[in-house]
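So the structure is just underneath, and the comments pick up after that.
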DNA sequence: GTTAGCACTCTTCCTTGGTGAGTGCTAACA
DNA sequence: TGTTAGCACTCACCAAGGAAGAGTGCTAAC
């Protein structure tokens, strides 16, 4: 494939991404000064089609990039990764808001991504199978209640409200907290859950507290073993002419509902950047969509940021936004812990 | 309006709610055994139209209930409120999941509502202008961090992660927590926010903690003065043939984005049940929708649960679901505090 | 190797006529 | 007086038939 073919292919991708309309030979000469006539372009396009880089919806329509064309384009984009390193200023500013906890950060990132890209964003927090408890603390609440707060070594926080005896003041709650922390800190959430399951029916004064710990531990254990996913901006899909039919939009949305399925697809991604184009996504209902995922680091583990949109998506800009947010997430966790 | 007219009107509403297709005179005789011929029904329908209870999309279509008809139907439904008192078993079971905090409960209720009704749900938590701080507590976290937890008298909890000196162990953090609580407890969040604004640039060892408190206080103050809204299931609108055009669906969704506008409409509702039908909603973009809100109690204040869907909605079932969830929310808060 | 010209294809949009659901009116009937 | 059958009429809906336009492939000339 010579240079001119390559340039024409790039023009077609660029134009189709922008307009969603099949690109004809005249359109190219009108919009992009390539120095040859439509007829020549036609010959080249004919060659490109033979090579498998272009599809023709029907004989009298323009050409549309094939999966192979997007693949070429994206692989090239990733190879010249330096162009993606320049941070996306808008994304930086957008995501500068203050974040407190892991989940906040993930949800916040998902929201930022979906608003910046105007597509659907997905964030996978990594599973942390060996997460250990560092602190348990009871915080007094009004009317005989207390907030049980559980903190793990990875900075995950969970809390629940308990009913406790009115006779317990702040100091008493703190004393209990200390002894609980002493007993349980350093143990994994799974271990704690099993320990307390054994105690379950023991009864007694502090039963409610134990139940609370057990509940939190099991919540955390669940979260520790399964990766969790956040989705935002699912209904941005309506902005794309590809999804102008409600039935298509609905099928897209119902695919998005099934988070386990999505998770199953992206879970294994180890590369810094993974791009799945069209059928590569292995979601037949939305085989005209693409999914880009970018890794971020969270201690020893890694999570994924992703964007789902039509196959015809602005790959370059989307990748920049993704890498920018991914980098700031990685930095944030690195500094916080 | 005599009894037979009323019965015919009810049939038309019932059928139109179920099918979204204008109801003709023959349809009525076929589906509902009313004992008279289509011609008679036609005469009655003609009368009902003259009375303003029916509309006719065009001359050779069946009839469609008017706003006035829905109004009559709904007012009647509310008047015979006892029929709504029977709790919706499915809703009960669905909503039986354990809840920890106010926001959790609200969000959870919103989710349950949208899934049960298959429409868009809205939950408004009440503003609590005189909310006061009861506890401030620092919980140790790994790597020189601490979780600052703030609890108010109404049971609202907020927390944020702070960086603190490594030299502070659990006991030291507790000592700080005690003195903070002593100083600030009983004060309103607004007061605290202003106090700390004055101190802002003071610097010093505990500056980070003070900043944390200030931030939380201002978050809470914002929440205390503004009511907060949760929306769920916005894209359920796609399930209705009325919104089969993507452009309509999009305009619905963009109305839903503007929470302040929604809030402005429902904020003032004092009744136990408020039903806004069609234009009564004063949202011209979606003037073929209805909004039902039901009050729930939260201490001295009240919040609202609502469902938004097409004007042609199953009012009776929706009201039952709403009142059931509302009652269980009210109960939950009453017992918890 | 490039370009102009031309016949050809096929989608899109508009028009047109047929079909059927539903109505309103009138006249007959109980 | 209320109910019913019959009938002409209206109008949305749908399928079929062009006309227009965009785009192609091929051929022949530059």
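Protein chains in written order, with the numbering used here: chain A, 1 to 337; chain B, 338 to 674.
Virtual Cβ for every residue (Gly too), placed ideally from N, Cα, C.
Please read these numbers as outputs of a predicted model, since none were measured by experiment.
Comparing C-alpha positions only, which one of 499/B, 521/B and 409/B sits nearest to residue 471/B? Nearest to residue 471/B by alpha-carbon distance, out of 499/B, 521/B and 409/B, is 521/B.
For residue 238/A, the nearest candidate out of 399/B, 618/B and 582/B (CA to CA): The option with the nearest alpha carbon to residue 238/A is 582/B.
Would you kindly report the start and end of the unbroken beta strand (DSSP E) that includes residue 633/B? In this chain, the beta strand (DSSP E) harbouring residue 633/B covers 626-635.
For chain A, is any of its Cβ atoms less than 7 Å away from the one on residue 578/B? Not one chain A Cβ lies under 7 Å of residue 578/B.
Beta strand (DSSP E) segment containing residue 361/B, residue limits: Looking at the DSSP string, residue 361/B is not in any beta strand (DSSP E), and its letter there is neither H nor E.
Taking all protein chains shown into account, decide if residue 140/A is buried (16 or more other Cβ within 10 angstroms of its Cβ) or exposed. Buried.
Am I right that residue 386/B and residue 400/B are in contact with their C-beta atoms under 8 Å? What's the rounded C-beta distance? Contact between residue 386/B and residue 400/B is confirmed by a C-beta separation of about 7 Å, below the 8 Å threshold.
Touch check for the stretch 457-467 of chain B and the stretch 640-647 of chain B: three-plus C-beta pairs under 8 Å? At 8 Å Cβ cutoff, the stretches touch.
Residue 338/B Cβ short of 6 Å to the ligand FMN heavy atom set: Absence of the ligand FMN is noted for the structure shown, with no ligands found whatsoever.
Name the residues in the stretch 571-595 of chain B whose C-beta lies less than 8 Å from a C-beta of chain A; which are they? Result list: 571, 572, 575, 576, 580, 581, 582, 583, 586, 587 and 590.
List the residues of chain B that residue 174/A touches, going by C-beta distances under 7 Å, in chain order. What residue 174/A touches in chain B: 511.
Here's the rule: buried if 16 or more other CB atoms are within 10 angstroms of the residue's CB, otherwise exposed. What is residue 435/B? Note that residue 435/B has pLDDT 49, beneath the 50 cutoff, so the model's placement of it is unreliable and the number below is only indicative. Per the 10 Å Cβ criterion, exposed.
With a threshold of 7 Å between beta carbons, is residue 533/B in contact with chain A? Not closer than 7 Å to any Cβ of chain A, the Cβ of residue 533/B fails to qualify, so no.
What residues in the stretch 109-134 of chain A have a beta carbon less than 9 Å from any beta carbon of chain B? Cβ contacts with chain B come from 134.
Contact criterion: CB-CB distance below 7 Å. Does residue 137/A meet it with respect to chain B? Interface residue, yes.
Using the three-state DSSP reduction, which class does residue 163/A fall into: helix, strand or coil? In the three-state reduction of the DSSP assignment, residue 163/A falls in the strand class, which pools E and B.
Check each candidate in 487/B, 411/B and 395/B and name the one with the smallest Cα separation from residue 523/B. Selected option, being the one with the closest Cα: 487/B.
Check whether the Cβ of residue 149/A lies closer than 7 Å to any Cβ atom in chain B. The C-beta of residue 149/A comes closer than 7 Å to at least one C-beta of chain B.
Going by the beta-carbon positions, is the gap between residue 129/A and residue 217/A smaller than 7 Å? Cβ distance not < 7 Å, so residue 129/A and residue 217/A don't count as in contact.
Give the secondary structure of residue 600/B by DSSP, where H, G and I count as helix, E and B as strand, and everything else as coil. In the structure shown, residue 600/B sits in a helix (DSSP, three-state: H, G or I).
Using DSSP's beta-bridge definition, name the partner residues of residue 55/A. The partner list for residue 55/A (beta bridge, DSSP) reads 64/A.
Flag residue 490/B as yes if its beta-carbon sits less than 7 Å from any beta-carbon of chain A, otherwise no. It does: the Cβ of residue 490/B has a partner Cβ on chain A nearer than 7 Å.
Alpha-carbon to alpha-carbon, residue 275/A and residue 286/A: Each residue's Cα considered, the two are about 15 Å apart.
Using a 10 Å radius around the Cβ and a threshold of 16 neighbouring Cβ atoms, would you call residue 197/A buried or exposed? Counting the other Cβ atoms within 10 Å of the Cβ of residue 197/A gives fewer than 16, which makes it exposed.
Reference residue 115/A; option with closest CA among 39/A, 143/A, 236/A and 191/A: Among 39/A, 143/A, 236/A and 191/A, the Cα nearest to that of residue 115/A is on 236/A.
Could you check whether the Cβ of residue 478/B sits closer than 7 Å to any Cβ belonging to chain A? Yes, contact with chain A.
Counting contacts by CB-CB distance shorter than 7 Å, is residue 529/B in contact with chain A? No, because no Cβ of chain A sits closer than 7 Å to the Cβ of residue 529/B.
Tell me, to the nearest whole angstrom, how far the beta carbon of residue 73/A is from that of residue 13/A; I am working on the premise that it is less than 8 Å. Going by Cβ atoms, the distance from residue 73/A to residue 13/A rounds to 6 Å, so yes, they are a contact pair.
What distance in whole Å lies between the Cβ atoms of residue 552/B and residue 497/B, which are believed to be in contact at a cut-off of 8 Å? So it is a contact: roughly 6 Å between Cβ atoms.
Could you say which of 58/A, 256/A and 163/A lies nearest to residue 211/A if we only look at CA atoms? Here the closest residue by C-alpha is 163/A.
Write down every uninterrupted run of the beta strand (DSSP E) in the stretch 25-49 of chain A whose length is 3 residues or greater and which is fully enclosed by it, in chain order. If we require 3 residues or more, the stretch 25-49 of chain A turns out to have no beta strand (DSSP E) run fully inside it.
Does any residue of chain A have a CB that is nearer than 7 Å to the CB of residue 631/B? Answer no: the Cβ-Cβ gap between residue 631/B and chain A never drops below 7 Å.
Contacts around residue 407/B, its chain only, beta-carbon distance under 8 Å, and the 5 residues preceding and following it disregarded: Taking residue 407/B as the centre and dropping the five residues before and after it, the same chain places the C-beta of 350, 614, 615, 627, 648 and 652 closer than 8 Å to its C-beta, in chain order.
Residues of chain B with a CB under 8 Å from the CB of residue 170/A: which are they? By Cβ distance, chain B contributes 472, 515 and 518.
Boundaries of the beta strand (DSSP E) in which residue 277/A is found, first to last residue: Residues 273-277.
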